[in-house]
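Notes to accompany the following structure.
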Amino acid sequence: MCGRVIQSSSPKLLGLGIVGGLADHDTLRSNVPPRFNAAPGQDLWVIRRHPTTGEHSLDLLRWGLIPSWCKDRPAPPPINARAEMVAARPMFRHAYAKRRCIVPVDGFFEWGPGQGARTRQPYAVAMKEGTPFGLGAIWENWRDPASGEWIRTFAVITTPANGLIAAIHERMPLILDPSDYGQWLGDEPDPRDLLRPFPVEPMTLWPVSLRVNSVKNDDPHLAEPLTSGSAAGKGPDEGFP
DNA sequence: CCAGACGTTGTT
DNA sequence: GTCTGG
DNA sequence: CCAGACGTTGTT
DNA sequence: GTCTGG
5 MCGRVIQSSS PKLLGLGIVG GLADHDTLRS NVPPRFNAAP GQDLWVIRRH PTTGEHSLDL
65 LRWGLIPSWC KDRPAPPPIN ARAEMVAARP MFRHAYAKRR CIVPVDGFFE WGPGQGARTR
125 QPYAVAMKEG TPFGLGAIWE NWRDPASGEW IRTFAVITTP ANGLIAAIHE RMPLILDPSD
185 YGQWLGDEPD PRDLLRPFPV EPMTLWPVSL RVNSVKNDDP HLAEPLTSGS AAGKGPDEGF
245 P
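Numbered per our numbering, the first sequence spans residues 5 to 245.
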């Protein structure tokens, strides 16, 4: 599954590096700090395509999907939607048909078994080259009856784990091939060809400190292995550029 | 018909 | 155990 | 996803 | 909104 992500690159790189043709509006310059350990319930950068103009936009949406028909805020809202079911479930299918989006990330975290019987060990997952990549997601617009405020939310689609991640976990987020970004954001109502695990070869994974367990500790050290050369001397990071 | 759920994950 | 907050 | 709280009363 | 269970 996917319950924590890294968005440490600049919004401009996250947007333009992932998909071209972004609308050059204020969100690209807004002063949002990098996120090294972003959690559900928080506002993250999401790329969407305007249905009529075709312009791409990069905006902050809240992680945790609230369907528009919800009377009250669900607790907790779904943060993931299974690729095998997203086109069929009443809760997801309209968003899947009409409101697909991309979450641009530098990496994400998965938890595997730890040393103790009931312990878990976090791992960071990223591209070997350290480049940002895009997660397939769906989004919704919801009006909070308490405040009258419109809230935009999203959920990350999950697939079975590929060979790399299967060693620690059964599921992984849907990672889109860059050549498929256009189709994913486009008008094709059911791009189910894209709902498959990403190939192992460009990816890498390494155990990280338990510091990652605390979302308050959203510190740059967690991203150091993503920067070329900085993994030296970090022990289990051997093999990472 | 109305009422109530609508999701995923991990763990036991 | 279960819910909330990040 | 994990971490941390989980409560009431009366008084300012 | 739409589906399921009673």
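Here a beta-carbon is modelled for each residue, glycine too, at the ideal position from N, C-alpha and C.
None of the values given here were measured: they were computed from a predicted structure.
Going by the C-beta, is residue i closer than 7 Å to any heavy atom of the ligand FAD?
{"i": "Trp73", "result": "Only the bare structure without any ligand can be found here, which leaves the ligand FAD out of the picture."}
Hey, residue i and residue j are a contact pair by Cβ (cut 8 Å); roughly how many whole angstroms apart?
{"i": "Pro44", "j": "Gly7", "result": "6 Å"}
{"i": "Leu198", "j": "Leu180", "result": "6 Å"}
{"i": "Ile10", "j": "Phe40", "result": "6 Å"}
{"i": "Gly138", "j": "Ile169", "result": "Gly138 to Ile169, Cβ: 17 Å. No contact."}
{"i": "Glu3", "j": "Arg103", "result": "Nothing can be reported for residue 3, as the shown portion of the chain is limited to 5 through 245."}
{"i": "Leu26", "j": "Leu48", "result": "Not confirmed; about 16 Å, so no contact."}
{"i": "Ile155", "j": "Glu114", "result": "28 Å between Cβ atoms; not a contact."}
Given a threshold of 16 other Cβ atoms within 10 Å of its Cβ, counted over all protein chains shown, does residue i qualify as buried or as exposed?
{"i": "Trp73", "result": "exposed"}
{"i": "Pro149", "result": "exposed"}
{"i": "Thr123", "result": "exposed"}
{"i": "Met176", "result": "buried"}
{"i": "Glu174", "result": "exposed"}
{"i": "Ile22", "result": "buried"}
{"i": "Ala79", "result": "exposed"}
{"i": "Gly120", "result": "exposed"}
With DSSP collapsed to three states, give me the class of residue i.
{"i": "Ala101", "result": "helix"}
{"i": "Asp222", "result": "coil"}
{"i": "Pro182", "result": "helix"}
{"i": "Ile70", "result": "coil"}
{"i": "Ala121", "result": "coil"}
{"i": "Asp197", "result": "helix"}
{"i": "Val107", "result": "strand"}
{"i": "Asn166", "result": "coil"}
{"i": "Arg33", "result": "helix"}
{"i": "Gln11", "result": "strand"}
{"i": "Gly116", "result": "strand"}
{"i": "Ala171", "result": "helix"}
{"i": "Arg93", "result": "coil"}
{"i": "Arg77", "result": "coil"}
{"i": "Val129", "result": "strand"}
{"i": "Val50", "result": "strand"}
{"i": "Glu205", "result": "coil"}
{"i": "Leu20", "result": "helix"}
{"i": "Val216", "result": "helix"}
Could you name the residues of the same chain whose beta carbon sits closer than 7 Å to that of residue i, not counting the 5 residues immediately before and after it, in chain order?
{"i": "Arg196", "result": "Ala91"}
{"i": "Pro224", "result": "Phe40"}
{"i": "Ala236", "result": "Confidence at Ala236 is low in this model, with a pLDDT of 32, below 50, so the placement of that residue is unreliable and no value is reported for it."}
Determine the contact status of residue i and residue j, defining contact as a CB-CB distance below 8 Å.
{"i": "Gly68", "j": "Thr157", "result": "yes"}
{"i": "Leu17", "j": "Pro206", "result": "no"}
{"i": "Gly111", "j": "Ala130", "result": "yes"}
{"i": "Val50", "j": "Pro126", "result": "no"}
{"i": "Pro203", "j": "Ala165", "result": "no"}
{"i": "Ala87", "j": "Ala159", "result": "no"}
{"i": "Ala99", "j": "Asp194", "result": "no"}
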